[in-house]
Amino acid sequence: MKIVLDANIFISSLFWGGNPRVVLERVINKSDELFITNEILAEIEEVLRRPKFHAGKNEIEYYIKSIEDIANKVVPEKITGKGSRDKTDNKYIECGIACNADYIISGDIHLLEITEFSGIEIITAKKYLEMVDGVKDQ
Numbered sequence: 002m003k004i005v006l007d008a009n010i011f012i013s014s015l016f017w018g019g020n021p022r023v024v025l026e027r028v029i030n031k032s033d034e035l036f037i038t039n040e041i042l043a044e045i046e047e048v049l050r051r052p053k054f055h056a057g058k059n060e061i062e063y064y065i066k067s068i069e070d071i072a073n074k075v076v077p078e079k080i081t082g083k084g085s086r087d088k089t090d091n092k093y094i095e096c097g098i099a100c101n102a103d104y105i106i107s108g109d110i111h112l113l114e115i116t117e118f119s120g121i122e123i124i125t126a127k128k129y130l131e132m133v134d135g136v137k138d139q
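Residue numbers for the sequence shown follow my numbering, so the first one is 2 and each next one is one higher.
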């Protein structure tokens, strides 16, 4: 499957594991193809810099580099018209369109309320794993 992951999925996989980590492991094991943009990477880096994560510069650089190593980078075009109510989330939809993704996996209510955009389903990590593997909560 071609997938796009919201920054919250990356952050959750790093700090808390669970379903987000299982989704990321599917990418590492080449069960899924991950797509990303520079804008998504920038958001991940910005979130990791927040004091509550206590991530040092080297840790952040390592994590961003690791994502770049497993992901396919695309250059999206801006969407016009209706997208997410939170326009900062449109970067995920734009990435999904650019790579013709099957799914955008997110924990963000603004994205999840859309459910589908241009044929791309927007679902939680839990729902995605239940669908592809029959996996229940991790």
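For each residue, glycine too, the CB sits at the ideal point set by N, CA and C.
Residue j beta carbon less than 9 Å from that of residue i
| i | j | result |
| --- | --- | --- |
| Pro-21 | Ser-13 | yes |
| Ser-67 | Ile-115 | no |
| Val-5 | Tyr-129 | no |
| Val-28 | Ile-71 | yes |
| Ile-98 | Ile-121 | yes |
| Ile-37 | Lys-74 | yes |
| Asn-9 | Asp-109 | yes |
| Glu-78 | Leu-42 | no |
| Phe-54 | Phe-16 | yes |
Per-residue DSSP class, three states only, for residue i
| i | result |
| --- | --- |
| Ala-43 | helix |
| Ala-72 | strand |
| Glu-122 | strand |
| Glu-26 | helix |
| Lys-128 | helix |
| Glu-95 | helix |
| Ile-1 | Any question about residue 1 goes unanswered here, given that the chain covers just 2 to 139. |
| Ile-80 | coil |
| Glu-114 | coil |
Contacting residues, own chain, Cβ-Cβ under 6 Å from residue i (five flanking each side not counted)
| i | result |
| --- | --- |
| Lys-127 | Asn-20 |
| Leu-49 | Ala-56 and Ile-61 |
| Phe-118 | Ile-94 |
| Glu-44 | Ala-8 |
Residue i CB to nearest heavy atom of the ligand MG below 8 Å
| i | result |
| --- | --- |
| Asp-134 | Summarising the ligand content, the structure contains no ligands, and the ligand MG is consequently not present. |
Outcome for residue i when other beta-carbon atoms lying within 10 angstroms are tallied against a minimum of 16
| i | result |
| --- | --- |
| Val-24 | buried |
| Asn-91 | buried |
| Asn-52 | The amino acid at residue 52 is misidentified as Asn; the sequence shows Pro. It is exposed - the Cβ of Pro-52 has fewer than 16 other Cβ atoms within 10 Å. |
| Ser-107 | buried |
| Glu-47 | exposed |
| Asp-134 | exposed |
Cβ-based neighbour list, residue i, same chain, cut-off 7 Å, excluding 5 preceding and 5 following
| i | result |
| --- | --- |
| Asn-30 | none |
Neighbour flag for residue i against chain B, beta carbons, 9 Å
| i | result |
| --- | --- |
| Tyr-104 | Looking for chain B here will not work: only one protein chain is present. |
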